[in-house]
Each structure stands twice: as C-alpha cells, then as structure tokens.
DNA sequence: CGGATTTGTATCAAGATAGGTTACAAAGGG
DNA sequence: CCCTTTGTAACCTATCTTGATACAAATCCG
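Protein chains in written order, with the numbering used here: chain A, 241 to 384; chain B, 241 to 384.
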C-alpha cells in the first residue's frame, strides 16, 4: 500500500471533470468511479485546487470543475501538483565524510536524480488531459 | 523513512568495491562509510549477488568484490537489481468498469508508465560504475 | 582439528506513509 | 431555515523500510 497512487487518481479525477465540461461533478460520483471513499477524492481535489487546476463549490448544486480547457492542462502539471518525492531516496543517514565515496556520493546521486527528473518531466509535458480523454474514448471504441 | 534508498546505497557499496579492485571488502567497513548497520549492507550485497554483480566469501579474509570491471557495470543494472516498483502506483482498488474512464484509465496509465520507465532506463544506461568513481575523484579534487 | 572471523539470513522492533473511515463545521441553494 | 455538499481534522490499519540482535554456516590460520 506504500507506493503513491495519487497521480493515477488525480488523472482519473481530472479526466472525469474534463469529460463533463462545465458541469460540476460531485466527489461522491467520482469516488464511485475511482472505487474509494469520497474524502480521498476531496483531499486530492484540495491539492489540485491549490495548484490552480480545479475549483469547487459547496452546497446543493456543488461539485468541482476544471479551471481550464483539457487541452491546456499538461500531465506534467498534475504530476508536479501531487508528487512528493524523487525516483529514489538518498541515504537515510549522512555517509562518512572522511571517506571519499561517502563524501561525494550524494552530490553525484543528486545530479543523477535531476537528470532523470528532467527526462520524466519531458515525457509528461508531451501529454495533456485532452489526450487522456481521447485515449479513453479510443480504448472504449476498440472494445466495440 | 518509507522511501526506498536501496539504489543509493547499492551504488555506494559498488563504488567502494570498484575503488579497491580485487581486494575483498568487508560489510563492516562498507557499513561505516554508509553509516548504517552491517546487516543492511549484507542484505543488499545478497541482492547484488543474485543479480551477478558481486561475489562474497565468508571467513577470516572474507568480504565482497565485483564480478566485472567497473566500466562494464551500468547503473541501469544496479537499478534493475534493487528497484521494486514503478514511478507511480496505479489505483489501489479496481476502478468502476461501468464508467468509461474507470474502465480505460489504468491501461492508459500503464502505457505512460512504460514510456517513463524507458526514459529512465535510457538515462541510467548512459553511466557505468567507472563513471561514478571518476566523479567521486573529480569531486574530491574540486575540494582541494 | 579448533578457534577466530565473516557472511547469510531469520526475526523483531520502530518509524513513516498511504489509504480508508467517521465526524462535523462551513458554505451555498431552494 | 433546511438540505446538500465540500473542507478538513482525527484516527485506525496495513504495509514498507531501516535498524538491530542472534546464530548457523563457511572459511582461514595456527
């Protein structure tokens, strides 16, 4: 359970909002599709709100919707909004600074992390939410 | 503490073995440089052994050493040896298959994962252990 | 052969994190 | 003013990673 599925769920949420453009969608409805508790959805919606991707409203006709067109939202933005850590962690304890490897390994690994991050971000900047919902539709079509 | 630092420590271990070519290194010695318990090192050495990167020997003059030249060990191999999961997890529970998004989102995300993995592997295949120890030395030189 | 050393591995404890759940205040609409 | 929905805090549980102890098995040396 430890690995982070927030990106997956965030994309799911946003895809649903994108599909019903303008109409406000309730967390309860999204939760049924994601197959989880509505609070899990609202927690994520809160993060997405902080990152300017959605707005929500309380009350009878409440719910959430996108702040922009799906074609203007890159998956990279979603990733940045919800991502917490790096691909791999560095040492839990500071290595021995009297050893040349211990002294320098972290700097080297950080550079590697940065390079990998760049590669990931490049990939994720290629796709927008619009691409995702088009894929959803073409996958559905394939079945038929 | 939950995030996985095995790749970082594995590179550290292997860099130390690479630096003292042929000579067997004890887990206790590596543990001091990594600043952790020797068992943590031995556990990782065991994984690296399973992946054909090191051999170890018990006894008085025991210890571990590389099976190949440092220039023949790509960081990609190290990554594959110790990596457990993907960059992001999919949904913890199966999404609602009666919803077009729920039905297809995982397939789409898996494709994205595969693309990202490929990008990471490409990056990691560019560097060998030899590069790492050269970086260790040039970093050390910079200080002087 | 016997003793010292080192690895290999099982087992346990501690700390962190994610996710699910309940509860309830606050906002909004009719 | 009541009903609905979001926002958020609080708590529980499962799982993962690391650290630590313990001990058998292997190896080397005298």
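C-beta atoms are modelled at their ideal positions from N, C-alpha and C, and glycine is treated no differently.
Here the structure is a predicted model, which is why all the values come from computation and not from measurement.
The three-state reading of DSSP puts residue 373 of chain A in helix, counting H, G and I together. Chain order gives the chain B residues near residue 255 of chain A as 341 and 345, where near means a beta carbon separation below 7 angstroms. Interface annotation for the region 328-340 of chain B against chain A: 328, 329, 330, 331, 332, 333, 334, 335, 336, 338, 339 and 340, criterion Cβ-Cβ distance under 9 angstroms.
As the crow flies, the alpha-carbon of residue 262 of chain B is around 41 angstroms from that of residue 363 of chain A. Closer than 8 angstroms to the CB of residue 349 of chain A there is at least one CB belonging to chain B. Secondary structure at residue 348 of chain B: helix, using DSSP grouped into helix, strand and coil. Within the same chain, and ignoring the five residues on either side of residue 290 of chain A in sequence, the residues whose Cβ sits closer than 8 angstroms to its Cβ are 321. Excluding the 5 residues flanking it on each side, residue 254 of chain B has same chain C-beta neighbours closer than 6 angstroms at 369, in chain order. In this structure, B/294 is the residue among B/243, B/279 and B/294 with its C-alpha nearest to the C-alpha of residue 251 of chain B. Contact with chain A is found for residue 276 of chain B, since one of that chain's Cβ atoms lies less than 8 angstroms from the residue's Cβ.
Beta-bridge annotation (DSSP): residue 297 of chain A is paired with A/303.
Proximity to residue 365 of chain B across B/324, B/326, B/343 and B/314 peaks at B/314, based on C-alpha coordinates. By the neighbour-count definition (other C-beta atoms within 10 Å, threshold 16), residue 304 of chain B is a buried residue. What residue 243 of chain A touches in chain B, judged by beta-carbon distance under 7 angstroms, is 325 and 329, going in chain order.
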